[in-house]
Structures are given as C-alpha cells and as structure tokens.
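Colleague: Numbering (the numbering used here), first residue to last: 2 to 251.
Before I ask anything, here is the structure I am working with.
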C-alpha cells in the first residue's frame, strides 16, 4: 500500500462479476486488484492480511454475513475503505451506516465505477479513510441521534427525536416522522435494540412508539390499552407491555 496506487480487494461470488470489475479497474493506472474472493471465508483471510486500501464487495455471498465479517475485521483494525456492489438496493442504508465510500447497484457501467473510484480517491485525500471505520462500526451499537433513511434516490439523515412510531412490514420497518414514512431494510428487533428504551416502547410485536408522542391512553378489551398518538394514529398495547407503558408515562 505504497505511493499513490490503490490496492483493491474484489469480493463477489460470481466469477463474471469479478472479471468485469477487474476489466474496469484495468483502465485506471492507479488501481491494482490484489485479491479476488468468492465467499466470505476468503474475504476474512484477505482482510486479515491487511494488504488493501479498499474492498469492492457484494453483500450476499456464501459463508458468514458480510456485515459480521466487517465488524470482526474492524475490531482487529483490519478494515479498508468499502465500496459495495450488489443487485440489492435495500442494503444501502446499512452500508452507509458504516461509512461506505459508495454503493453500486448492479448492473453498473464503467462510468459509474469510475465515479466510485473518484469518491475513493477523495476520501483518501480528505483523511476520512479506513482508520475511522473501526470506530464507526463500533458506533453502530450506540444510541444514535440520527438514522439514515431512503428518500427517493437519496439517502438522508432522519433525527431520531422526530420519529413518531415504527411498524414492521416483513423484513422491513416503516418509520413515521413528520407526516412522512420511510421504508428501511431493518427488522423491528434491530431498531428496538438501537433506540433508547427511555424514549421508545415496543407496544406489541409489530410496532414501536416514541413515548412523548402519546396523546391519549384508554382501556381496551382483554386488559389491554389503546394509544392515540399526536398524529392521530391508534395502536393497541399488548397485555404484556402494559406494565412497561405505565412505568414510562407515570
């Protein structure tokens, strides 16, 4: 990792995809592909060697979850700058949560690849490089004051304090804030772990509310309660969550 050359790991389970990236990279004299990985086991080994400035990687590969591999590598100080290249746009929020340089949705052109490299070079010049990624990955376990959410074709920060409530939609969660809603690729369990329990309450298995958004609480059937939020949303609190609700509002 000397001079101005950028050493790149290419991690993708499809040989043709790796070949295409190598072909694209060959057009740039300052880029050298130093390793190709077809699964996360090979990626772990490549990261451990610490020979790369950046990794261009798919998210869904055979082996362990890619984000778990990156978190482990970060703890050992073995994490390069990251460019994700995948057919799955739903992972974009999570990728930018760990300060990814770019997120390429396949199929992508050589010009789009060049744009990602330009961002990588700018990241390197600005000093916001792999040295900060371990801290950023560790910070994912802390209580955030913002969440990154998709808005059209952009990823934007959303103040946690502006969230009214969140509901589950399969493997996704819909965040309601300021009269808008944002669909994010995160489970309700994941969001519940990240949000401050002093401010947010899981009222049943499919919904989380921000406590200061409660406008009214009244009894419902079978010993449950009905909440009305400030935006007019009505939700039933399960019997198992009634005691937690009382502790937070009394």
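Yeah, the Cβ is synthetic: ideal placement off N, Cα and C, and Gly gets one too.
It should be emphasised that the depicted structure is a prediction, and the values quoted were computed from it without experimental measurement.
With a CB to CB cut of under 7 Å and the five nearest residues on each side skipped, what residues in its chain are close to residue 51?
Modeller: If you number the chain shown from 1, residue 51 lands on position 50. Here the set comprises 79.
Colleague: Taking the Cβ atom as the reference point for each residue, do residue 23 and residue 35 lie within a distance shorter than 8 Å?
Modeller: Within the chain shown, numbered from 1, the residue matching residue 23 stands at position 22. Within the chain shown, numbered from 1, the residue matching residue 35 stands at position 34. Not closer than 8 Å, so no.
Colleague: Here's the rule I'm using: 16 or more other beta-carbon atoms within 10 Å means buried, otherwise exposed. How should residue 81 be labelled?
Modeller: Residue 81 sits at position 80 when you count from the first residue of the chain shown. It counts as buried.
Colleague: Contact between the region 38-53 and the region 9-20: three or more CB pairs below 8 Å?
Modeller: Yes, they touch.
Colleague: Using C-beta distances below 8 Å, list every residue in its chain close to residue 213, excluding the 5 sequence neighbours before and after it, in chain order.
Modeller: Residue numbering aside, residue 213 sits at position 212 when the chain shown is read from its first letter. Closer than 8 Å at the Cβ level, and outside the excluded window around residue 213, lie 200.
Colleague: Residue 159 and residue 178: beta carbons closer than 8 Å?
Modeller: By one-based count along the chain shown, residue 159 stands at place 158. By one-based count along the chain shown, residue 178 stands at place 177. The answer is yes: Cβ separation under 8 Å.
Colleague: Given a cut-off of 8 Å on the beta-carbon distance, is the pair residue 218 and residue 205 in contact?
Modeller: Residue 218 sits at position 217 when you count from the first residue of the chain shown. Residue 205 sits at position 204 when you count from the first residue of the chain shown. No, the Cβ-Cβ distance between residue 218 and residue 205 is not below 8 Å.
Colleague: Please state whether DSSP places residue 223 in a helix, a strand or coil.
Modeller: Counting from one through the chain shown, the residue named residue 223 turns up at place 222. If DSSP states are grouped into helix, strand and coil, residue 223 belongs with the helices.
Colleague: DSSP state of residue 110, grouped into three classes?
Modeller: To locate residue 110, count along the chain shown from 1; it is residue 109. Here residue 110 sits in coil by DSSP.
Colleague: On a Cα-Cα basis, can you pick out the residue from 221, 224 and 192 that is closest to residue 209?
Modeller: The residue labelled residue 209 in the question sits at position 208 within the chain shown. Looking at the Cα atoms, 192 is the closest of the given residues.
Colleague: If residue 69 and residue 86 are in contact, beta carbons under 8 Å, what's the gap, nearest whole angstrom?
Modeller: The residue labelled residue 69 in the question sits at position 68 within the chain shown. The residue labelled residue 86 in the question sits at position 85 within the chain shown. Not really, about 19 Å apart at Cβ, beyond 8 Å.
Colleague: Can the beta-carbon of residue 148 be found closer than 8 Å to that of residue 161?
Modeller: By 1-based counting over the chain shown, the position of residue 148 is 147. By 1-based counting over the chain shown, the position of residue 161 is 160. Their beta carbons are under 8 Å apart, which means residue 148 touches residue 161 by this criterion.
Colleague: Taking the runs of the alpha helix (DSSP H) that are 4 residues or longer, which of them lie wholly in the region 49-94?
Modeller: Those alpha helix (DSSP H) runs which fall completely within the region 49-94 and span 4+ residues are 67-76.
Colleague: Grab the span of the beta strand (DSSP E) containing residue 33 for me, first residue to last.
Modeller: Position 32 of the chain shown, counting from 1, holds the residue named residue 33. Here the beta strand (DSSP E) through residue 33 covers 32-38.
Colleague: Unbroken beta strand (DSSP E) runs of length 3 or more, entirely within the region 189-244: which are they?
Modeller: DSSP runs (the beta strand (DSSP E)) wholly in the region 189-244: 201-205, 208-211, 215-220, 226-230 and 235-238.
Colleague: Reducing DSSP to helix, strand and coil, say where residue 15 ends up.
Modeller: For the purposes of this step, residue 15 is identified with residue 14 of the chain shown, where counting begins at 1. In the structure shown, residue 15 sits in coil (DSSP, three-state: anything other than H, G, I, E or B).
Colleague: Going by beta carbon distance, what residues of the same chain come within less than 7 Å of residue 107, once the five residues before and after it are set aside?
Modeller: Here residue 107 refers to the residue found at position 106 of the chain shown. The residues are 86, 87 and 88.
Colleague: Please state the DSSP three-state secondary structure of residue 104.
Modeller: Position 103 of the chain shown, counted from the first residue, corresponds to residue 104. Three-state result, residue 104: strand.
Colleague: If we ignore side chains and look at the alpha-carbon of each, how far apart do residue 196 and residue 31 end up?
Modeller: Position 195 of the chain shown, counted from the start, is the residue given in the question as residue 196. Position 30 of the chain shown, counted from the start, is the residue given in the question as residue 31. Computed Cα separation, rounded: 42 Å.
Colleague: When you compare only the Cα positions, how much space is there between residue 163 and residue 28?
Modeller: Position 162 of the chain shown holds residue 163. Position 27 of the chain shown holds residue 28. So the alpha carbons of these two residues sit roughly 46 Å apart.
Colleague: Would residue 126 be called buried (16 or more neighbouring beta carbons within 10 Å of its own) or exposed?
Modeller: The residue you call residue 126 lines up with position 125 of the chain shown. Result: exposed.
Colleague: Using the beta-carbon count (16 or more within 10 Å), is residue 238 buried or exposed?
Modeller: Residue mapping note: residue 238 aligns to position 237 of the chain shown, counting from 1. Buried: at least 16 other Cβ atoms inside 10 Å.
Colleague: Using the three-state DSSP reduction, which class does residue 138 fall into: helix, strand or coil?
Modeller: Here residue 138 corresponds to residue number 137 of the chain shown, with the count starting at 1. Here residue 138 scores only 49 on pLDDT, less than 50, and its place in the model should not be relied on; the value that follows carries that caveat. Residue 138: helix per DSSP, three-state reduction.
Colleague: What are the boundary residues of the beta strand (DSSP E) that includes residue 173?
Modeller: For the purposes of this step, residue 173 is taken as residue 172 along the chain shown, with counting starting at 1. Its beta strand (DSSP E) spans residues 173-178.
Colleague: Tell me whether residue 19 is buried or exposed, calling it buried when 16 or more other Cβ atoms sit within 10 Å of its Cβ.
Modeller: Here the question's residue 19 lines up with position 18 in the chain shown. Under this definition residue 19 is a buried residue.
Colleague: Give the C-beta separation of residue 7 and residue 66 to the nearest angstrom, bearing in mind that I take them to be a contact with Cβ-Cβ under 8 Å.
Modeller: One-based indexing of the chain shown puts residue 7 at position 6. One-based indexing of the chain shown puts residue 66 at position 65. Rounded, the Cβ-Cβ distance is 26 Å, inconsistent with contact.
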